Amino acid sequence: MERLRVIIATESYVVNQGFHLIFNKLRQCQVVDKVRSMEELNILLEKESVDIILLSLNLLQENSLNLLLKKFKSQRPDLIAYSTNEEAKLENSNLFAERLFVNDSKELVLTKLGGLMDNLLGMHLENDSSDLSKREKDILRQVALGLTNNEIADKLFISTHTVITHRKKITKKLGIKSVSALTVYAIINGLVEMEDVGKEV
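Position one of the sequence shown corresponds to residue -10 (the working numbering), numbered consecutively onward.
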């Protein structure tokens, strides 16, 4: 079975080791490496292709997320946000497929990660590399901007059923299911600017 490639990036050696142990319990994945700074992460991404990046929000500085997205190029890894503060607002939250907190129980962490990996592996099996049509790009752009199916239908003067059908085709062609990963794809392929992506709590 294909294994998902993971990079763990937090500022703490202990946290990195802990997440490595957790990922080892999930047979679907392989930890490629662990880093403790954005600089190390950017260097690693120059030579490694990965499916998942677990990223501590404490490592993010002004514009660092935007620079990270540009590193992906044809890659479209899912981002997992790790936070030590459950009250903190997460800007650009739709870029993250999942969020983990320092006080999450072992069972909750495994549930969150397991669900994400099941989705990713399912998409890998269904992947079709066909190019997106103009209409599909239009719809993907609106998805990345945070619009619902009904809002997209109203804006593009099409039916909600048509939107849903196109979204299924987009998912199959790109091998991407989560809105966060679709948003990353839209940004790195120039369909939207990061500044235009809606900010959520």
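Idealized CB from N, CA, C, for every residue including glycine.
Values in this document were obtained by computation on a predicted structure and should not be read as measured data.
Check residue i in the structure and name its three-state DSSP category.
i	result
E87	strand
K23	strand
V181	coil
D93	coil
R130	helix
I41	strand
E115	Low confidence applies to E115: its pLDDT is 49, below 50, so where it sits in the model is not reliable, and the reading given next is rough at best. Here E115 sits in helix by DSSP.
S167	coil
D67	strand
R124	helix
R(-6)	strand
S53	helix
S82	helix
V186	coil
F8	helix
Tell me whether residue i is buried or exposed, calling it buried when 16 or more other Cβ atoms sit within 10 Å of its Cβ.
i	result
H150	exposed
A77	exposed
D107	exposed
V39	buried
T(-1)	buried
V91	exposed
K36	exposed
K166	buried
S45	buried
R(-8)	exposed
Ordered along the chain, which non-local residues of its own chain (more than five positions away) have a Cβ less than 6 Å from that of residue i?
i	result
F85	L68, A70, S169
N139	T149
R88	A70
S118	Residue placement at S118 is poorly supported in this model, since its pLDDT is 42, which falls under 50; the coordinates still yield a value, given next. Counting only Cβ-Cβ distances below 6 Å, and skipping sequence neighbours, we find nothing.
So which of the options has the shortest CA-CA distance to residue i?
i	options	result
I11	E29, E96, N55	E96
Y2	L15, V24, R(-6)	V24
N55	L43, K36, N31	N31
L34	R(-6), L109, G104, I153	R(-6)
E75	D93, L58, K59	D93
L57	T73, S72, E29, L79	E29
S72	N13, L15, N47, K14	N47
Q198	I41, N13, S26	Only positions -10 to 190 of the chain appear in the structure, and residue 198 is not among them; the question remains open.
Y174	S53, K59, K14	K59
I41	G103, T154, L79	G103
Within its chain, find whatever has a CB closer than 8 Å to the CB of residue i; leave out the 5 residues flanking it on each side and keep chain order.
i	result
V186	N81, N83, L84, A133, L134, G135, T172, I176
L121	L129, I159, K162, L163
K144	Q131, L136
D127	L145
A142	S148, T149, T151, V152
L14	Residue identity check: residue 14 is Lys in the sequence provided, not Leu. Excluding residues within five positions, the ones whose Cβ falls inside 8 Å are L99.
Within a Cβ cutoff of 7 Å, which residues of the same chain sit near residue i, ignoring the five residues on either side of it in sequence?
i	result
I(-3)	N5, F8, H9, V20, K23, L43
K158	E125
V98	I11, L89
Looking at the ligand NAP, does it come within less than 6 Å of residue i, judged from the CB to the closest heavy atom?
i	result
K161	You won't find the ligand NAP in this model; it holds no ligand whatsoever.
- Query: Are the segment 16 to 24 and the segment 63 to 73 touching, with three or more C-beta to C-beta distances below 8 Å?
  - Reply: no
- Check whether the segment 132 to 150 touches the segment 170 to 183, taking contact to mean three or more Cβ pairs, one atom from each stretch, closer than 8 Å. yes
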